[in-house]
Structures are given as C-alpha cells and as structure tokens.
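Residue numbers (UniProt numbering): 1 to 147.
Cβ atoms here follow ideal geometry from the backbone N, Cα and C, with glycine treated the same way.
The next block holds one structure in the form of structure tokens; read it before the comments.
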C-alpha cells in the first residue's frame, strides 16, 4: 500500500538525517578524538551508509507525497473512510511532529539541499497540501482518532 511506502521512505530518510547530524556533530567536537580507532571507524561507516541512502529515500518520499497530493485532490472520498483515513492521518501527523516537534533540530545537516536534496519546508508544504485537500469533518475525525 502506498501509505506503507510513504511511511517507510520518510522514516528511513529522517532516521538517516538524524544519524548524519549526530555523527557530523560528534566529528566536529573534541569528543571525536577521545574515541578509539575502532569506534571512529564504526561511526564513519554508519555515516557513509546513511549518506548513501538518504538522498534516494527523500526523493522517493517526496514523489510518494506528490502522489497523495494528486489522489486527495482528485478523489478524496476514499480517504474519508475510517480505515484508510486514519492510517493516512497517522502517517501525516507523525511526520509533522518529526518536522516541527522538539527534536526537529536533529534533522539539520550542513549543506542539506546540495548534498541530499533535503528541504524540510517543502516536505512540510506537501503534507499540508494533503491536509488541505482532505479538509472535511470526516477527515478531521480521522485526525482526532490518531493517538
């Protein structure tokens, strides 16, 4: 299901961005030199792995959100049904909290647009567009039912 795809892609990209942020911040601190060679190598490998995947996950995640924008604009009715609507609301709510919540600074990385095509405001705008396309009492209930 497309909701599962969007959830996976956005989760993976946000986790990778957090990992990149944490390791790059560590490398810029005095703590980095206090790490053992093996631990530094493990961190470098984790950083490289996160960098490899994040750009593709972000591109595919944005494309998937574009699909939701088109679907909800042209055929919103299926998303008013509790089963589908609540799953979509949950995915959207979670990502808004990740982008705007107290831990959003963990997603900030140096040269994010150039290196990874990471544009959090654009991603947030896509999510808001889906909410706007589904602005109705029925979808508001789906949002309210999200725990």
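Count the other C-beta atoms from every protein chain shown that fall within 10 angstroms of the C-beta of residue i, then say buried if there are 16 or more, exposed otherwise.
| i | result |
| --- | --- |
| residue 13 | buried |
| residue 95 | buried |
| residue 41 | exposed |
| residue 19 | buried |
| residue 31 | exposed |
| residue 85 | buried |
Nearest chain D C-beta to residue i closer than 9 Å, yes or no?
| i | result |
| --- | --- |
| residue 126 | The structure shown contains no chain D, having only a single protein chain. |
Is the distance from the Cβ of residue i to the Cβ of residue j below 9 Å?
| i | j | result |
| --- | --- | --- |
| residue 128 | residue 88 | no |
In whole angstroms, what separates the C-alpha of residue i from that of residue j?
| i | j | result |
| --- | --- | --- |
| residue 126 | residue 62 | 8 Å |
| residue 67 | residue 107 | 24 Å |
| residue 98 | residue 37 | 33 Å |
| residue 15 | residue 75 | 32 Å |
| residue 111 | residue 48 | 16 Å |
| residue 7 | residue 34 | 37 Å |
In chain order, what residues of the same chain lie with their CB nearer than 6 Å to the CB of residue i, ignoring the 5 residues before and after it?
| i | result |
| --- | --- |
| residue 4 | none |
| residue 124 | 99 |
| residue 26 | 32 |
In chain order, what residues of the same chain have a beta carbon less than 8 Å from the beta carbon of residue i, not counting five sequence neighbours either side?
| i | result |
| --- | --- |
| residue 69 | 126, 129, 130, 133 |
| residue 145 | 82, 86, 89 |
For residue i, which residues of its own chain have a beta-carbon under 7 Å away from its beta-carbon, when the five flanking residues on both sides are left out?
| i | result |
| --- | --- |
| residue 149 | In the structure displayed, the chain extends from 1 to 147; residue 149 sits before or after that span and is not available. |
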